[in-house]
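Residue numbers (my numbering): 9 to 250.
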Ligand SMILES: [Zn+2]
Ligand SMILES: [Zn+2]
């Protein structure tokens, strides 16, 4: 029996991120074993201390190794670095990537501001046509106006991620359950889907969505709005298939 009942996981890290442990081959193999059909490798962009260089990403987009039996997507987890939503890589390389995530990492090129400033930062990233997913927008230390964020996401065809690490007990981000509950409530009201991502940093966590699944159930979030079940619908949001 597989612990994974979903078909997609688009946010994971390899050794190239510096603080993660699996190679591309090991992670893709774990994804296949977890029963995934579509799997994303999104190492940290250059502002994150210890991650890979710009040259690494340039080489990656030119040499996307494919694996039998699974659709492996190559991308990045960008850092949002100001209140306009500027990110730390140019669109000239982002457009060659299959999937692009943008996240705020407090203290990594970004100082959390007032709610309006953080919201403007996230919406600025949402408006970038090459950014497909907003990663873990659930940290209470970076307060957001969720109505405005969801509205921006809907208008720009951008995915709001439900990050499994944020729902794992002991998570360092603040107030995540309350914030994710608010995201789910707004998405449900607007009939707008979400994507669950593992944000795995090791092979054991690839496709690990169990905490998120439990939380979505508790909050009566409809299965029809969980993109992990519907790869064809998910593809409509991603650079690779646009
Ligand atoms: Zn992140
Ligand atoms: Zn990540």
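Ideal placement from N, C-alpha and C gives every residue a C-beta, glycine not left out.
- Where residue 50 is concerned, there is no enclosing alpha helix (DSSP H), although the beta strand (DSSP E) around it starts and stops at 46–52.
- Residue burial annotation: residue 184 is buried, with at least 16 other C-beta atoms found within 10 angstroms of its C-beta.
- If you draw a straight line from the Cα of residue 93 to the Cα of residue 58, it is about 23 Å long.
- Between residue 42 and the set 217, 230, 144 and 136, the nearest pair of CA atoms involves 217.
- Following the DSSP letters along the chain, one finds residue 134 in no beta strand (DSSP E) but inside the alpha helix (DSSP H) bounded by residues 123–135.
- In the structure shown, residue 20 falls within a strand segment according to DSSP collapsed to helix, strand and coil.
- Comparing alpha carbon positions, the residue from 180, 179, 120 and 169 closest to residue 152 is 120.
- Residue pairing by DSSP places residue 88 opposite 95 in a beta bridge.
- In chain order, 219 place their CB closer than 6 Å to the CB of residue 176, counting only its own chain and leaving out the 5 sequence neighbours on each side.
- Annotation: the continuous alpha helix (DSSP H) that includes residue 159 extends over 154–164.
- Three or more Cβ pairs closer than 8 Å define a contact, and the stretch 139–148 meets that threshold against the stretch 104–116.
- Under DSSP, residue 107 forms a beta bridge with 83.
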